[in-house]
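A short write-up of the structure that comes next.
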Amino acid sequence: MNVDMKLLKEYTIPFVGLKLGKHHFDYQIDKKFFEHFEYDEFNDVNVKAELLFEKKTTFLELHFKIKGDVNVNCDVSNEPYNQKVKGTFDLVVKFGEEYNDEHLDVLIIPHGEYEINVSQYIYELIVLSVPAKRVHPGVEDGTLESEMLKKLEELSPKAEENKTQSEEIDPRWNTLKKLLTDK
319 MNVDMKLLKE YTIPFVGLKL GKHHFDYQID KKFFEHFEYD EFNDVNVKAE LLFEKKTTFL
379 ELHFKIKGDV NVNCDVSNEP YNQKVKGTFD LVVKFGEEYN DEHLDVLIIP HGEYEINVSQ
439 YIYELIVLSV PAKRVHPGVE DGTLESEMLK KLEELSPKAE ENKTQSEEID PRWNTLKKLL
499 TDK
């Protein structure tokens, strides 16, 4: 993934200049943010990301919180809808010999680093907050009218069952059924 960090510099926090203690950062995330990550699953994005950045003497604590919605296409009907997303993520940043992000919630950055870019964490938190199966609320409560749903309904096994039951049964089958029950 080739993310242009220059375009995401507003997500770079120069922590070396921050006093010890808590600092708040608020970000309004839109579709453009995801274009930097070449991620195009969302039609539209309106998410507020809050970061509580706590600078301690030997490490940093980052508490991310997101809330908002992303416009996605329903997996069943392919109709676009707004999917609510919310989530939290805590990250501890420590200093070490070399950069290491192998652990999910611990990042080690080299001594002497003076800034950290948080865009990747916000990106992942939003993407992971979207349910694996995206279902339009109108599909769940039966209010969505769509060509795709009508087609699915026609092709569903239930519709086939109803069709066969309503068609008249060929009288020859009745004779055969009789043979089976007359044993």
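Numbers in our numbering are just positions in the sequence shown, counted from 1, shifted up by 318. Ideal Cβ positions, reconstructed from N, Cα and C, are used throughout, including at glycine.
Just verifying my parser: in three-state terms, what is the DSSP assignment at residue i?
| i | result |
| --- | --- |
| A477 | A caution first: A477 carries a pLDDT of 49, below 50, which makes its placement in the model unreliable, though a value can still be read off. Reduced to three states, the DSSP call for A477 is helix. |
| T330 | strand |
| G335 | helix |
| V436 | coil |
| Y399 | strand |
| N492 | helix |
So, using beta-carbon positions, are residue i and residue j closer together than 8 Å?
| i | j | result |
| --- | --- | --- |
| D344 | E368 | yes |
| I440 | F382 | yes |
| F371 | V410 | no |
| N435 | L326 | yes |
Roughly how many angstroms separate the alpha carbons of residue i and residue j, rounded to a whole number?
| i | j | result |
| --- | --- | --- |
| P428 | N418 | 9 Å |
| S447 | F407 | 11 Å |
| K412 | E442 | 20 Å |
| A450 | K374 | 37 Å |
| Y432 | G460 | 54 Å |
| K366 | K350 | 14 Å |
| M319 | E472 | Note that M319 has pLDDT 44, beneath the 50 cutoff, so the model's placement of it is unreliable and the number below is only indicative. Straight-line Cα distance between these residues: approximately 42 Å. |
| V334 | Q401 | 38 Å |
| A477 | N361 | With a pLDDT of 49 at A477, under the threshold of 50, the modelled position of this residue cannot be trusted, and the question is left open. |
When the Cα of residue i is compared with those of the options, which residue comes out closest?
| i | options | result |
| --- | --- | --- |
| N308 | G456, H354 and I444 | With the chain represented from 319 up to 501, any question about residue 308 goes unanswered, as that position is not in the structure. |
| Y399 | V457, K350, G430 and Y329 | V457 |
| V453 | E397, T330, K385 and G386 | E397 |
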